[in-house]
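Participant: The sequence shown runs 70 to 383 under the numbering used here. All C-beta atoms, glycine included, are put in the ideal place defined by N, C-alpha and C. On a predicted model such as this, the values are computed, not experimentally measured, just so you know.
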Amino acid sequence: MIDKRLKMRHLRCFQEVVRQRGIVRAAEALSTSQPAVSRTISDLEAVLGVKLLDRRRKAFELTPEGRDFNRLISSGLLRIEEAVETVSGERPRGDSVACGVLPTYEAQYFPQVVARFKAEVPNTTLTVLRGTNLELMDKLRAGAIDFVVGRMAHGEAMRGLSFEHLYSEPILCVVRKDHPLRRKPIGDFRSLLGFGIMLNLQGTIPRHEVDRILLANGISDIPDLIETDSADFARDFLRATDYVWLIPQGVVQRELSGGEFVTLEGLRFDTLGPVGLTVLPDRQMNAAASRLIEMIRDAVPLPAYQKSNARTIK
70 MIDKRLKMRH LRCFQEVVRQ RGIVRAAEAL STSQPAVSRT ISDLEAVLGV
120 KLLDRRRKAF ELTPEGRDFN RLISSGLLRI EEAVETVSGE RPRGDSVACG
170 VLPTYEAQYF PQVVARFKAE VPNTTLTVLR GTNLELMDKL RAGAIDFVVG
220 RMAHGEAMRG LSFEHLYSEP ILCVVRKDHP LRRKPIGDFR SLLGFGIMLN
270 LQGTIPRHEV DRILLANGIS DIPDLIETDS ADFARDFLRA TDYVWLIPQG
320 VVQRELSGGE FVTLEGLRFD TLGPVGLTVL PDRQMNAAAS RLIEMIRDAV
370 PLPAYQKSNA RTIK
């Protein structure tokens, strides 16, 4: 039986704290004081008999019980809001969510996240945009999309934006499973120059990382090069040729797991690129967008390569 002390205001306050990633910003969003929000959360914890926020850490973090509680109440609150607004005539249709998704995340996790999201919040229009990192960051600043999920932008591209690190991934040298390089020892990166090489376009974050590593190995020019922003083209082309694709692991994880593509293990890039959520700090998101972000956070397990090479990205 639900404790009679539990009120809707407790749930709404807690969800806003999670949505804003902190008590101070939640108080601003709710047009109330920080002590009032803290008191409401403490009252909720007293009712539930568990701690929801880890107050030992400087950065905002939910306890395991807090994460479970947020996940379980989010769907119910969305349905209540939808029911009230639909019946009252305030909501002729569901919320709209627009997000930018980069290939490194799109191929590995996003389809499963969207399937769960649409099952939980079906009356929602979801718009998924692709583009380069810079293009999506410009759309985010302009308010055309709610958030971007993918590799962290560099330098000026992050001006005025906030990045939340979810996980890190390496760049790999990938070939088809019966590639000639699998049958002979690989000395260094120069061994690749006898074959064609595929890279991301100039100006993208993975390309910057690849160019830096190649230059450190004395390679400033690639005689047989294909540059593309189409992962679909690159996959099909790799299946039919002896080219080597230098690409973030997330883009080809499905093919690697299925054994269709393999990595040249002797040539690993000594870099882990941060992947996560980029948002406009002052943007107020609707409940559906906030719920999708929570699902994205919950859906990212710690990959095997990160367990052995974990590092903090600040």
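Return yes when the Cβ of L230 is within less than 9 Å of the Cβ of V348, no when it is not.
Facilitator: One-based indexing of the sequence shown puts residue 348 at position 279. One-based indexing of the sequence shown puts residue 230 at position 161. A contact, by the Cβ cut-off of 9 Å.
Participant: Just how far apart, CA to CA, sit D112 and R199?
Facilitator: By 1-based counting over the sequence shown, the position of residue 112 is 43. By 1-based counting over the sequence shown, the position of residue 199 is 130. Whole-angstrom Cα-Cα distance: 43 Å.
Participant: Among A211, Y236, L241, which residue has its Cα nearest to the Cα of R228?
Facilitator: On the sequence shown, residue 228 is found 159 positions in, with the first residue counted as 1. When C-alpha distances from R228 are compared across A211, Y236, L241, the shortest belongs to A211.
Participant: Spell out the partners DSSP gives V197 in its beta bridges.
Facilitator: Your numbering for residue 197 matches position 128 in the sequence shown. Beta-bridge pairing links V197 to C168.
Participant: Which of helix, strand or coil does DSSP assign to G91?
Facilitator: Working through the sequence shown from its first residue, we reach residue 91 at position 22. Three-state DSSP puts G91 in coil, outside helix and strand.
Participant: What residue from F83, V87, F129, E130 has the CA that sits closest to R108's CA?
Facilitator: If you number the sequence shown from 1, residue 108 lands on position 39. The shortest C-alpha separation from R108 is found at F83.
Participant: Quick one: what's got a C-beta closer than 7 Å to S377's C-beta in the same chain, skipping five residues either side?
Facilitator: Translated into positions along the sequence shown, residue 377 becomes position 308. Confidence is the limiting factor: at S377 the pLDDT is only 35, short of 50, which leaves the residue's position unreliable and the question unanswerable from this model.
Participant: In the DSSP output, what is P317 paired with across the bridge?
Facilitator: Against the sequence shown, residue 317 aligns to sequence position 248. Bridge partners of P317: I240.
Participant: What is the C-beta distance between T101 and C242, in whole angstroms, given that I count them as a contact (C-beta under 8 Å)?
Facilitator: Position 32 of the sequence shown, counting from 1, holds the residue named residue 101. Position 173 of the sequence shown, counting from 1, holds the residue named residue 242. Not a contact, Cβ separation roughly 54 Å.
Participant: Across the segment 309-321 and the segment 234-241, are there enough close Cβ pairs to call them in contact, namely three or more that are closer than 8 Å?
Facilitator: Taking 8 Å as the limit for Cβ pairs, the verdict is that the segment 234-241 does touch the segment 309-321.
Participant: Taking contact to mean 3 or more Cβ pairs, one atom from each stretch, closer than 8 Å, check whether the segment 297-312 and the segment 257-275 are in contact.
Facilitator: Yes, they touch.
Participant: To the nearest angstrom, report how far apart K253 and G263 are at their CA atoms.
Facilitator: Taking the first residue of the sequence shown as position 1, residue 253 is located at position 184. Taking the first residue of the sequence shown as position 1, residue 263 is located at position 194. Their Cα atoms are separated by approximately 13 Å.
Participant: On a CA-only basis, which of P172, E85, C168, D123 is nearest D301? Give me that one, please.
Facilitator: Counting from one through the sequence shown, the residue named residue 301 turns up at place 232. D301 has its Cα closest to that of P172, out of P172, E85, C168, D123.
Participant: Who are the near neighbours of R185 in its chain, counting only those whose CB is closer than 7 Å to its CB and skipping five residues on each side?
Facilitator: Working through the sequence shown from its first residue, we reach residue 185 at position 116. Its chain contains M364 as the residues whose beta carbon lies nearer than 7 Å to that of R185, once the 5 sequence neighbours on both sides are disregarded; these appear in chain order.
Participant: Give the range of the beta strand (DSSP E) segment to which F186 is assigned.
Facilitator: Position 117 of the sequence shown, counting from 1, holds the residue named residue 186. Note, F186: premise wrong, no beta strand (DSSP E); alpha helix (DSSP H) at 179-189.
Participant: At 4 residues or longer, and completely inside the segment 210-292: list those alpha helix (DSSP H) runs for me, N to C.
Facilitator: 274-285
Participant: With a cut-off of 8 Å on the beta carbons, I'd call R366 and L235 a contact; round off their distance for me.
Facilitator: Taking the first residue of the sequence shown as 1, we reach residue 366 at position 297. Taking the first residue of the sequence shown as 1, we reach residue 235 at position 166. Confirmed, about 7 Å.
Participant: Evaluate G224 with the Cβ neighbour count: other Cβ atoms within 10 Å of its Cβ, from every protein chain shown; 16 or more gives buried, anything less gives exposed.
Facilitator: By one-based count along the sequence shown, residue 224 stands at place 155. Counting Cβ neighbours within 10 Å, G224 comes out exposed, since fewer than 16 surround it.
Participant: Quick check on DSSP: helix, strand or coil for G345?
Facilitator: Indexing the sequence shown from 1 puts residue 345 at position 276. It is a strand residue.
Participant: Which residue comes first and which comes last in the alpha helix (DSSP H) that contains L294?
Facilitator: Here residue 294 refers to the residue found at position 225 of the sequence shown. No alpha helix (DSSP H) holds L294; the beta strand (DSSP E) holding it covers 294-296.
Participant: Mapping DSSP to helix, strand and coil, what is T109?
Facilitator: Position 40 of the sequence shown holds residue 109. Note: T109 maps to helix in three-state DSSP.
Participant: Please state the DSSP three-state secondary structure of T310.
Facilitator: Counting from one through the sequence shown, the residue named residue 310 turns up at place 241. Three-state DSSP puts T310 in coil, outside helix and strand.
Participant: With respect to the alpha helix (DSSP H) encompassing M364, which residues constitute its N-terminal and C-terminal limits?
Facilitator: Within the sequence shown, the letter at position 295 stands for residue 364. Looking at the DSSP string, the run of the alpha helix (DSSP H) that includes M364 is 356-367.
Participant: So what does F330 bridge to, in DSSP terms?
Facilitator: Counting from 1 along the sequence shown, the entry for residue 330 is found at position 261. Paired residues: R245.
Participant: For A95, tell me which candidate among A358, K246, D351, G135 has the shortest Cα-Cα distance.
Facilitator: Counted from its first residue, the sequence shown places residue 95 at position 26. A95 has its Cα closest to that of D351, out of A358, K246, D351, G135.
Participant: Starting from L131, follow its DSSP beta bridges and name the residues at the other end.
Facilitator: Here residue 131 refers to the residue found at position 62 of the sequence shown. Looking at the DSSP assignment, L131 forms a beta bridge with L122.
Participant: When the Cα atoms are used, what is the spatial distance from V166 to N355?
Facilitator: Start at 1 with the first residue of the sequence shown, and residue 166 comes out as number 97. Start at 1 with the first residue of the sequence shown, and residue 355 comes out as number 286. Take the alpha-carbon of V166 and the one of N355: they are about 8 Å apart.
Participant: Got a sec? Which residues, its chain only, sit under 6 Å from P343 by beta carbon, not counting five neighbours each side?
Facilitator: Here the question's residue 343 lines up with position 274 in the sequence shown. M221, H234, S237, I382.
Participant: Can you tell me whether E114 is buried or exposed, with buried defined as 16 or more other CB within 10 angstroms of its CB?
Facilitator: Counting from one through the sequence shown, the residue named residue 114 turns up at place 45. The residue is buried, with at least 16 neighbouring Cβ atoms inside 10 Å.
Participant: For I71, is the classification buried or exposed, using 16 other Cβ atoms within 10 angstroms of its Cβ as the cut-off for buried?
Facilitator: Position 2 of the sequence shown, counted from the first residue, corresponds to residue 71. Around the CB of I71, fewer than 16 other CB atoms lie within 10 Å, so the residue is classed as exposed.
Participant: Applying the 10 Å Cβ sphere with the 16-neighbour rule, what's the burial state of Q353?
Facilitator: Sequence index remark: in the sequence shown, residue 353 carries index 284 (1-based). Exposed.
Participant: Within 10 angstroms of the Cβ of D305, are there 16 or more other Cβ atoms? Answer buried if so, exposed if not.
Facilitator: Within the sequence shown, numbered from 1, the residue matching residue 305 stands at position 236. That one is exposed.
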